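Enquirer: Counting in the numbering used here, the sequence shown runs from 41 upward without gaps. For each residue, glycine too, the CB sits at the ideal point set by N, CA and C. Bear in mind the structure is a predicted one, so any value in this text is a computation, not a measurement.
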Amino acid sequence: MLDEVPGVRLARRRPVVRRFRPRVYQVASVLLLIAAVQAVIVLAVDGAEEPLWLWLAAPAALGGGGIALAYKSIPFEHVTFSE
């Protein structure tokens, strides 16, 4: 039935389901990466002695979240190369 409609091709993949649009993931990613840099700056400039786990955990968690959201904004399943 779909073979009769000109310009329609059958796709051999399932559609990618995301909760939000890619732009939302990109904006959230940039905000988290900025927050990771700010966390390092605040910890470095602050005169108080912070524990080592705070130096390691806070920027790593924020940076990891930012990278994960940036990766989620790329629609890998929809990228195809023509033969």
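Tell me the DSSP secondary structure of Pro115 in three-state form.
Expert: On the sequence shown, position 75 is the one that residue 115 refers to. Reduced to three states, the DSSP call for Pro115 is coil.
Enquirer: According to DSSP, simplified to helix, strand and coil, what is Arg63?
Expert: By one-based count along the sequence shown, residue 63 stands at place 23. Note: Arg63 maps to helix in three-state DSSP.
Enquirer: Once you ignore the five residues that flank Ser69 on each side, which residues in its own chain have a CB closer than 6 Å to its CB?
Expert: Translated into the one-based positions of the sequence shown, residue 69 becomes position 29. Correct list, in chain order: Gly106, Leu109, Ala110.
Enquirer: Have a look at Ile114, Phe116, Ala76, Tyr65 and flag the residue whose alpha-carbon is nearest the alpha-carbon of Ala98.
Expert: The residue given as residue 98 occupies position 58 in the sequence shown. It is Ala76.
Enquirer: I'd like the list of long-range same chain contacts for Pro62, defined as Cβ closer than 6 Å, with 5 residues on each side in sequence excluded.
Expert: Start at 1 with the first residue of the sequence shown, and residue 62 comes out as number 22. Excluding sequence neighbours, Pro62 sits near Ser113.
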